[in-house]
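Trainee: Pasting a structure below so you can have a look.
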Ligand code: SF4
């Protein structure tokens, strides 16, 4: 049976071969050799949605949240919408956009820093001054007081965190306002406040010297409003790297935790700490008491919000079994946003940083089957050609909202900055930023 990485490599080779007649002296090279991470058109590689081969402005016209991983997610009512880009950008070739981005970036110099998330396509990452996960990038923003603006090639909640941590005079810009995160959008501040009211009414308040009935914990992948809510209510933020440390911090202060918005990270971390599944009720925001009885909530240790990542929930135990059948001895590593059964079946689970370190440390010739976003997996394979690395999911399925940061948006943003404009600035109000900082600082202080 043909493995996934063979499919992808074969597809990329075919695509290069098909494009080669168009390249040559005087002709633009449409696809830099070996750098096309998501091969769709005319390749035969299956994808979760053929519309992923379309340009993002075609996607933006559709009423849904976007094709691909988040195809089933409705666009949130208040989600910002990106206005149409001028035709000079939507009609430009890849090569032309690359030249314009490089020229604008050079002219802007140190005034502007481009931040690129690990899950971005290579056509964006190649221009980034920093590449990292959401918190690393927000901290990069903090560490560059000389920059006037940060162009954040990620999704909305990440740009909010960068705005919270950057200086008051620095602008944080999201090149495409429609780049949200379907997981973050699964918990709105109104729903979280309703949940808190119900929990407080059901669980009561702490007597003198007692632990708090419940501590709110939010994953970094949530809106600034929810981070601020946690800051105001004795709670804290976590990342996928420090979720266990943060839960331990919370249990020193409270009898229970309510964990927003990723049920899988919450469940996987709590299981690792020895908490029984029965003590982790799921909170469904549209049901009374989240669909639980008062007894279930009183018996709970971790109340899990019913959110998930559309990319990571696609990984299955069957995919792991298939990878092991294809490659006996393969090491399987997955992200903790994957379902608990997948994490249990894998050889290891951890944050993007953990996955990167595993790849770095792998002996030459090793085979690694990875359960995380396809752009990152493909880039890891490029960095370690001596290893065999492939994505567990046989269907090419990037984070569809990250995918909305197309080079046309980056070129448009940089040229607007060059013209003295500040497009798509993400601003977090002072009160929300202040309370969010409290929750973020608790997280930094809790770090082992
Ligand atoms: S990979 Fe998942 S959690 Fe990350 S931005 Fe995309 S939808 Fe959100």
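Residue numbers (my numbering): 4 to 451.
No residue lacks a Cβ here, since even glycine has one placed at the ideal position from N, Cα and C.
On a predicted model such as this, the values are computed, not experimentally measured, just so you know.
With residue 241 as the anchor, note down where its beta strand (DSSP E) starts and where it stops.
Mentor: Taking the chain shown and counting its residues from 1, the one referred to as residue 241 is at position 238. Residue 241 -> beta strand (DSSP E) spans 239-241.
Trainee: Looking only at its chain, what residues have a beta carbon closer than 6 angstroms to the beta carbon of residue 412, apart from the 5 residues adjacent to it on each side?
Mentor: If you number the chain shown from 1, residue 412 lands on position 409. Once the five neighbours on either side are set aside, the close Cβ partners of residue 412 are 178, 179.
Trainee: Specify the secondary structure class of residue 398 as computed by DSSP and reduced to three states.
Mentor: Here residue 398 corresponds to residue number 395 of the chain shown, with the count starting at 1. Of the three classes helix, strand and coil, the one that applies to residue 398 here is coil, per DSSP.
Trainee: Tell me where the beta strand (DSSP E) around residue 120 begins and ends.
Mentor: On the chain shown, position 117 is the one that residue 120 refers to. Run containing residue 120: 115-120, per the beta strand (DSSP E) assignment.
Trainee: Counting Cβ pairs closer than 8 angstroms, one from the stretch 388-396 and one from the stretch 136-149, do we hit at least three?
Mentor: Contact between the stretch 388-396 and the stretch 136-149 is absent, because fewer than three Cβ pairs lie under 8 angstroms.
Trainee: For ligand 1, is there any heavy atom lying closer than 7 angstroms to the beta carbon of residue 189?
Mentor: Locating residue 189 in the chain shown gives position 186, counting from the first residue. Result no, Cβ not under 7 angstroms from ligand 1.
Trainee: Starting from residue 134, follow its DSSP beta bridges and name the residues at the other end.
Mentor: In the chain shown, counting from the first residue as 1, residue 134 sits at position 131. BP columns for residue 134 point to 119.
Trainee: My guess is that residue 278 and residue 249 are in contact by the Cβ rule of under 8 angstroms, so how many angstroms apart are they, rounded?
Mentor: For the purposes of this step, residue 278 is identified with residue 275 of the chain shown, where counting begins at 1. For the purposes of this step, residue 249 is identified with residue 246 of the chain shown, where counting begins at 1. Rounded, the Cβ-Cβ distance is 14 angstroms, inconsistent with contact.
Trainee: Which residue's Cα is closest to the Cα of residue 275: 294, 246, 259?
Mentor: Indexing the chain shown from 1 puts residue 275 at position 272. Checked all of 294, 246, 259; the closest Cα to residue 275 is 246.
Trainee: At a cut-off of 7 angstroms, is residue 404 close to ligand 1 when judged by its beta-carbon and the heavy atoms of the ligand?
Mentor: Locating residue 404 in the chain shown gives position 401, counting from the first residue. It does: the Cβ of residue 404 is within 7 angstroms (strictly closer) of some heavy atom of ligand 1.
Trainee: Spatial neighbours of residue 352 within its chain, please: CB distance less than 6 angstroms, with the 5 preceding and 5 following residues excluded, ordered by chain position.
Mentor: The sequence position of residue 352 within the chain shown is 349, counting from 1. Excluding sequence neighbours, residue 352 sits near 337, 339, 346.
Trainee: Cα separation between residue 227 and residue 193?
Mentor: Taking the chain shown and counting its residues from 1, one reaches residue 227 at position 224. Taking the chain shown and counting its residues from 1, one reaches residue 193 at position 190. So the alpha carbons of these two residues sit roughly 13 angstroms apart.
Trainee: Would you decide whether residue 289 is buried or exposed? Buried here means 16 or more other CB atoms lie within 10 Å of its CB.
Mentor: Along the chain shown, one-based indexing puts residue 289 at 286. By the neighbour-count rule (16 or more Cβ atoms within 10 Å), residue 289 is not buried but exposed.
Trainee: Please classify residue 432: is it buried, with 16 or more other beta-carbons within 10 angstroms of its beta-carbon, or exposed?
Mentor: Taking the first residue of the chain shown as position 1, residue 432 is located at position 429. The residue in question, residue 432, is exposed, as its Cβ has fewer than 16 Cβ neighbours within 10 Å.
Trainee: Under the assumption that residue 429 contacts residue 147 (Cβ atoms under 8 angstroms), give the Cβ distance between them as a whole number of angstroms.
Mentor: What you label residue 429 is simply residue 426 of the chain shown in a count that begins at 1. What you label residue 147 is simply residue 144 of the chain shown in a count that begins at 1. Between residue 147 and residue 429 the Cβ distance is about 17 angstroms, and since that is not below 8 angstroms, they are no contact.
Trainee: Beta carbon of residue 337: closer than 7 angstroms to some heavy atom of ligand 1?
Mentor: Here residue 337 corresponds to residue number 334 of the chain shown, with the count starting at 1. Incorrect: residue 337 has no Cβ contact closer than 7 angstroms to ligand 1.
Trainee: Output the distance between the C-alpha atoms of residue 443 and residue 240, rounded to the nearest integer angstrom.
Mentor: The residue you call residue 443 lines up with position 440 of the chain shown. The residue you call residue 240 lines up with position 237 of the chain shown. When rounded, the distance between both Cα atoms is 6 angstroms.
Trainee: Let me know the alpha helix (DSSP H) ranges lying completely inside the stretch 180-236, each 4 residues or longer, listed in chain order.
Mentor: Runs of the alpha helix (DSSP H) inside the stretch 180-236: 192-206, 227-235.
Trainee: Which whole runs of the beta strand (DSSP E) in the stretch 131-180 are 3 residues long or more, in chain order?
Mentor: Counting only runs of 3 or more, we get 133-135, 152-156, 174-176.
Trainee: Out of curiosity, what's the CA-to-CA distance linking residue 205 and residue 293?
Mentor: The residue labelled residue 205 in the question sits at position 202 within the chain shown. The residue labelled residue 293 in the question sits at position 290 within the chain shown. Approximately 12 angstroms between the Cα atoms of the pair.
Trainee: Return helix, strand or coil for residue 302, following the three-state DSSP convention.
Mentor: As a first step, residue 302 is located in the chain shown; it is residue number 299 there, counting from the start. Reduced to three states, the DSSP call for residue 302 is helix.
Trainee: Which complete alpha helix (DSSP H) runs does the stretch 349-436 hold, if anything under 4 residues is left out?
Mentor: Complete alpha helix (DSSP H) runs here, min 4: 355-364, 377-386, 410-421.
Trainee: I'd like the list of long-range same chain contacts for residue 225, defined as Cβ closer than 7 angstroms, with 5 residues on each side in sequence excluded.
Mentor: Walking along the chain shown from the start, residue 225 turns up at place 222. Excluding sequence neighbours, residue 225 sits near 160, 187, 190, 263, 264.
Trainee: What does a CB cutoff of less than 7 angstroms around residue 170 pick up in its chain, not counting 5 residues either side in sequence?
Mentor: Position 167 of the chain shown, counted from the start, is the residue given in the question as residue 170. These residues qualify, in order along the chain: 148.
Trainee: Quick check: what's the CA-CA separation for residue 44 versus residue 367?
Mentor: Mapped onto the chain shown, residue 44 falls at position 41. Mapped onto the chain shown, residue 367 falls at position 364. In this prediction, residue 44 scores a pLDDT of 37, lower than 50, which makes its location untrustworthy; no coordinate-derived value is stated.
Trainee: Short of 6 angstroms in beta carbon distance, which residues of its chain neighbour residue 370, apart from the five on each side in sequence? Order them along the chain.
Mentor: The residue given as residue 370 occupies position 367 in the chain shown. Excluding positions up to five away in sequence, the list reads 330, 333, 391.
Trainee: Taking one C-beta from the stretch 114-128 and one from the stretch 372-380 each time, how about it: are there three or more such pairs within less than 8 angstroms?
Mentor: The stretch 114-128 vs the stretch 372-380: in contact.
Trainee: Return yes when the Cβ of residue 154 is within less than 8 angstroms of the Cβ of residue 176, no when it is not.
Mentor: Looking up residue 176 in the chain shown gives position 173. Looking up residue 154 in the chain shown gives position 151. Cβ atoms of residue 176 and residue 154: closer than 8 angstroms.
Trainee: Inspect the beta-carbon positions of residue 257 and residue 299 and report whether they are closer than 8 angstroms.
Mentor: Here residue 257 corresponds to residue number 254 of the chain shown, with the count starting at 1. Here residue 299 corresponds to residue number 296 of the chain shown, with the count starting at 1. In this structure, residue 299 does not lie closer than 8 angstroms to residue 257 by Cβ.
Trainee: Would you say residue 399 and residue 50 are within 8 angstroms of each other, going by their C-beta atoms?
Mentor: In the chain shown, counting from the first residue as 1, residue 399 sits at position 396. In the chain shown, counting from the first residue as 1, residue 50 sits at position 47. Yes, the Cβ-Cβ distance between residue 399 and residue 50 is below 8 angstroms.
Trainee: If we call anything under 8 angstroms between Cβ atoms a contact, is residue 195 one with residue 254?
Mentor: Along the chain shown, read from residue 1 onward, the residue named residue 195 stands at position 192. Along the chain shown, read from residue 1 onward, the residue named residue 254 stands at position 251. Taking 8 angstroms as the Cβ cut-off, residue 195 and residue 254 do not qualify as a contacting pair.
Trainee: Leaving out the 5 sequence neighbours to the left and right, which residues in its chain are closer than 7 angstroms to residue 388 when beta-carbon positions are compared?
Mentor: The count along the chain shown starts at 1 and reaches residue 388 at position 385. Nothing meets the Cβ criterion.
Trainee: The beta strand (DSSP E) spanning residue 334 covers which residue range?
Mentor: Against the chain shown, residue 334 aligns to sequence position 331. Its beta strand (DSSP E) spans residues 334-337.
Trainee: I want to know whether the stretch 89-99 touches the stretch 348-362 - three or more CB-CB distances under 8 angstroms.
Mentor: The stretch 89-99, when compared against the stretch 348-362, does not touch it at the 8 angstroms Cβ threshold.
Trainee: DSSP three-state label for residue 439, please.
Mentor: Reading the chain shown from its first residue, position 436 is the one you call residue 439. Three-state result, residue 439: helix.
Trainee: Assign residue 285 to one of three DSSP states: helix, strand, or coil.
Mentor: Sequence index remark: in the chain shown, residue 285 carries index 282 (1-based). The answer is strand: DSSP assigns residue 285 an E or B state.
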